[in-house]
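Be aware that the sequence shown starts at 31, since it is given in our numbering, and climbs by one per residue. Even glycine gets a Cβ: it sits at the ideal position worked out from N, Cα and C. Shown next, in structure tokens, is the structure this report addresses.
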Amino acid sequence: MTSNTKSRPKSKKKATKPHHSVYVVELDNEVLSNKKFRDANPGCNTDLACLYVGMTGLTPKERFENHKKNHKANCFVRDYGLWLRKKMFQRRNPMTYEDACKMEESLAIKLREKGHAVWQH
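Below, the structure is given as structure tokens:
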């Protein structure tokens, strides 16, 4: 006896693959001439590097290149971005989107507490 019933496809539960990254860009200290940036960082130590903290679904290198090409760019990275500060983020990546959102904010807070002028939104 053969069965005419089709077997059910196995349920494909969408796995949340960690492919997001947090990244840090060092900015030229000239960014402190921008009132908006300066006002967001009162009391920063001007002897320390100015930084941008972001998150992406791309690689940090690809995202930095997009900023510099003015593709979905943050104006501070586009105009003042020097290079990626890999040691500040590399060991944390990759992660889920949710974890990247949390890490972006907590890393920015830690860097501000150390005295860096930081842009993060």
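query: Cβ-based burial, Y127 [other Cβ within 10 Å; buried from 16]; result: exposed
query: Buried versus exposed call for S51 [16 or more other C-beta atoms within 10 Å across all chains shown]; result: buried
query: Cut-off 6 Å between Cβ atoms - residues of its own chain near V107, not counting five sequence neighbours on either side; result: V55, Y82 and H97
query: Reference C74; option with closest CA among G145, R121 and M85; result: G145
query: Spatially closest choice to K47 from K66, K102 and M125, by CA coordinates; result: M125
query: The alpha helix (DSSP H) enclosing V107, as first and last residue numbers; result: C105 to Y110
query: Counted within 10 angstroms of its Cβ, other Cβ atoms place P90 as buried (16 or more) or exposed; result: buried
query: Under the three-state DSSP convention, the category K88 falls into; result: First, the amino acid is wrong: residue 88 is Leu here, not Lys. In this structure, L88 counts as coil in the three-state DSSP scheme.
query: Between the CA atoms of Y110 and M133 - distance to the nearest angstrom; result: 23 Å
query: Identified DSSP bridge partners for S51; result: T86
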